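Colleague: Supplied in structure tokens, the structure appears directly below.
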Amino acid sequence: MAETVWNTDSGEAVYRSRDPVRNLRLRVHLQRITSGNFLHYQPAAQHGKDLIDLATFSPHPAASGHRPDEDEEEEVLIGWQEKLFSQFEVDLYQNEAACQSPLDHQYRQEILKLEDSGGRKNRRIFTYTDSDRYTNLEEHCQRMTTATREVPSFLVERMANVRRRRQDRRGMEGGILKSRIVTWEPSEEFVKNNHVINTPLQTMHIMADLGPYGKLGYKKYEHVLCTLKVDSNGVITVKPDFTGLKGPYRIETEGEKQELWKYTIENVSSLAQPEEEEREQRVFKDLYGRHKEYLSSLVGTDFEMTAPGALRLFVNGEIVSAQGFEYDNLYVHFFVELPTTNWSSPAFQQLSGVTQTCATKSLGMDRVAYFSYPFTFEASFLHKDESTDALPEWPVLYCEVLSLDFWQRYRVEGYGAVVLPATPGSHTLTVSTWRPMELGTVAELRRFFIGGSLELEDLSYLWIPGTFKGLHGVKFSPEKDAECVGPSGRI
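With the numbering used here, the residue at position 303 of the sequence shown is 303, and numbering never jumps.
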């Protein structure tokens, strides 16, 4: 007799399918291969010799009508979430007092119909569907001791079931959050438990009752042959994998009489006919075409062209952070000034904005306020005088940094301005700021307690204003300028 090549790879395999999972069909073949089985299948003695036929030692047929051959070998076809009852469930649900839930009563009616129609077709192989109260303890139970053959207690079984159902529970959309959205200082355990996306699953277990002959229907003889899990994305997880050409799997029972079983799992789902595949491809092509037309209708067919001799400027910016300022609770008031010569913007365009108030966070020796405030605007430049080749004046971004105290009074923390980049692409700009200062202790006390401080009436004078015509007969002392302004932070 040839030696059996066993499949020892019991790990799970992952498949992806776009077809409905209800079309999944599996063939499971289970066979006992112990010495008793070998004796039973040995050929009988040749006639004419005074030898005892080995068939004499074979067991008698069971009272239930199942032949011993059916106890030794079984093969069934199983569909997705198809319920096959075990002997334990048949005995349990025939007692109406044991039925507590609507599912129990449904199973009772199905079992009674099976009994009226001649009994169930399966013998040892049965299934647990996603609706059943079953938990594979080998997957969900954590061992309480270091024993190799630990028997889980009643509490361990129930807690494992609770953990499983909480993991598979679907989240309600629009529900109130009961925890913080952002955890600034996550622990290692928090990261370990929250880095995996929890996708709802449907589970199905294919089981086998490997009890001795005449002792079917005991929980201790139940063994998991295969576990199937399917999520909403069409990912199918099979543990262990389909047998294929790798040989059968083996199960060795425990107890006084150890028995050896082998089983195979085959995917026998019906393949789509060429005509069906072609029709499906046409449906997908038509669907994608309609979706493309829908997107095109949203965008429009006409591309808005720029007028001849005009330049269009699109700016998508972000005020990322501010640091180096004296007080906390910062916010930024900003606006864009377009040069008066030949520049324009749409009437609906908003060229100014105010960020949210942000508390600072320590970063080394500095305290940084992270705004991450986006802004966008559009402007156009029309080159009317074609005789000149000079580059146009460029828009300027003005910023005013302010802080709020406990009484919601504001202080000016700094002013700054920067010319927007003239080249396309991504740019990172740093705006250094300054603020007017009054000399003396009284001014600093007033700024701290009252909040009042010097500020500019016109922020456009941070840069050369567009209406500036030059200085005529006005002189400023450099020493006076140095005493009245001072550096602050940067944006």
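Virtual Cβ for every residue (Gly too), placed ideally from N, Cα, C. These numbers come from a predicted model, not from an experiment.
Nearest-angstrom Cα distance between residue 337 and residue 19?
Modeller: So the alpha carbons of these two residues sit roughly 58 Å apart.
Colleague: Give me, in chain order, the residues of the same chain whose beta-carbon lies closer than 6 Å to that of residue 300; leave out the 5 immediate sequence neighbours on both sides.
Modeller: The answer is none, since no qualifying residue turns up.
Colleague: For residue 312, I'd like the list of residues in its chain whose CB is within less than 6 Å of its CB, leaving aside the five on either flank, ordered along the chain.
Modeller: Correct list, in chain order: 306 and 380.
Colleague: Ends of the beta strand (DSSP E) at residue 366?
Modeller: That run of the beta strand (DSSP E) goes 366–382.
Colleague: I'd like to confirm the pairing. Which residues does DSSP put opposite residue 223 in its beta bridges?
Modeller: 208, per the DSSP bridge assignment.
Colleague: From residue 323 to residue 490, what distance separates their C-alpha atoms?
Modeller: Residue 323 and residue 490: Cα-Cα distance of roughly 6 Å.
Colleague: Beta carbon of residue 268, beta carbon of residue 27: below 8 Å?
Modeller: Yes, Cβ-Cβ distance for residue 268 and residue 27 is below 8 Å.
Colleague: What is the rounded straight-line gap between the Cα of residue 432 and the Cα of residue 366?
Modeller: Roughly 15 Å separates the two Cα atoms.
Colleague: For residue 248 and residue 254, what's the separation of their Cα atoms in angstroms?
Modeller: Cα-Cα distance, rounded: 20 Å.
Colleague: Using the C-alpha atoms, what's the distance from residue 240 back to residue 9?
Modeller: Cα to Cα, the separation comes out at about 7 Å.
Colleague: So what's residue 435 in DSSP terms, helix, strand or just coil?
Modeller: Strand, per DSSP.
Colleague: Using a threshold of 8 Å, state whether the C-beta atoms of residue 85 and residue 207 are closer than that.
Modeller: The answer is no: Cβ separation not under 8 Å.
Colleague: In the DSSP assignment, the beta strand (DSSP E) including residue 362 goes from what residue to what residue?
Modeller: Residues 361–363.
Colleague: Could you name each continuous alpha helix (DSSP H) segment of 4 residues or more that falls completely within the stretch 246–283, going from the start of the chain to the end?
Modeller: The stretch 246–283 contains no whole alpha helix (DSSP H) run of 4 or more residues.
Colleague: Using the Cα positions of residue 351 and residue 376, report the straight-line distance between them to the nearest angstrom.
Modeller: C-alpha separation (whole angstroms): 8 Å.
Colleague: Apart from the five residues on each side of it in sequence, which residues of its chain come closer than 8 Å, Cβ to Cβ, to residue 108?
Modeller: Excluding sequence neighbours, residue 108 sits near 93, 94, 96 and 99.
Colleague: Taking DSSP as the reference, what is the three-state secondary structure of residue 119?
Modeller: DSSP places residue 119 in coil when its eight states are reduced to three.
Colleague: Can you look up residue 15 in the DSSP assignment and give me helix, strand or coil?
Modeller: Residue 15: strand per DSSP, three-state reduction.
Colleague: Provide the residue(s) that pair with residue 312 in DSSP beta bridges, ordered along the chain.
Modeller: According to DSSP, residue 312 bridges with 380.
Colleague: Quick one: what's residue 105 bridged to in DSSP?
Modeller: DSSP, once it has assigned bridges, lists no residue as partnering residue 105.
Colleague: I'd like the list of long-range same chain contacts for residue 370, defined as Cβ closer than 8 Å, with 5 residues on each side in sequence excluded.
Modeller: Taken in chain order, the residues that qualify are 320, 321, 358 and 361.
Colleague: If distances are taken between C-alpha atoms only, which option among 331, 461 and 421 comes closest to residue 410?
Modeller: Closest option to residue 410, Cα to Cα, is 331.
Colleague: If you run the structure through DSSP and keep just helix, strand and coil, what is residue 231?
Modeller: Residue 231: strand per DSSP, three-state reduction.
Colleague: Pull up the CB-CB distance for residue 73 and residue 31, whole angstroms please, since I reckon it's below 8 Å.
Modeller: That pair is a contact at about 4 Å.
Colleague: I think residue 414 touches residue 325, with their Cβ atoms under 8 Å apart; what is that distance to the nearest whole Å?
Modeller: Going by Cβ atoms, the distance from residue 414 to residue 325 rounds to 7 Å, so yes, they are a contact pair.
Colleague: I believe residue 398 touches residue 462 by the beta-carbon criterion, under 8 Å. Please report the beta-carbon distance rounded to the nearest angstrom.
Modeller: So it is a contact: roughly 6 Å between Cβ atoms.
Colleague: Is it right to say residue 395 is buried, meaning 16 or more other beta carbons lie within 10 angstroms of its own, or is it exposed?
Modeller: Residue 395 should be labelled buried.
Colleague: For residue 403, which option in 447, 23, 423 and 315 has the closest C-alpha, if you only look at C-alpha atoms?
Modeller: The candidate whose alpha carbon is nearest that of residue 403 is 447.
Colleague: Could you tell me the distance, in whole angstroms, from the CA atom of residue 124 to the CA atom of residue 186?
Modeller: Each residue's Cα considered, the two are about 49 Å apart.
Colleague: State the beta-bridge partners of residue 399 as determined by DSSP.
Modeller: DSSP lists 334 and 416 as partners of residue 399.
Colleague: Out of 214, 209 and 215, which has the shortest C-alpha to C-alpha gap to residue 222?
Modeller: Nearest of 214, 209 and 215 to residue 222, Cα basis: 209.
Colleague: Suppose contacts are defined by Cβ-Cβ distances below 8 Å. Is residue 34 in contact with residue 259 by that definition?
Modeller: Yes. Within cutoff.
Colleague: CA-CA distance, residue 79 and residue 425?
Modeller: The straight-line gap from Cα to Cα measures roughly 57 Å.
Colleague: Does the separation of the CB atoms of residue 205 and residue 134 fall below 8 Å?
Modeller: Result yes, Cβ atoms of residue 205 and residue 134 sit closer than 8 Å.
Colleague: For residue 215, does the three-state DSSP call read helix, strand or coil?
Modeller: Coil at residue 215, not helix or strand.
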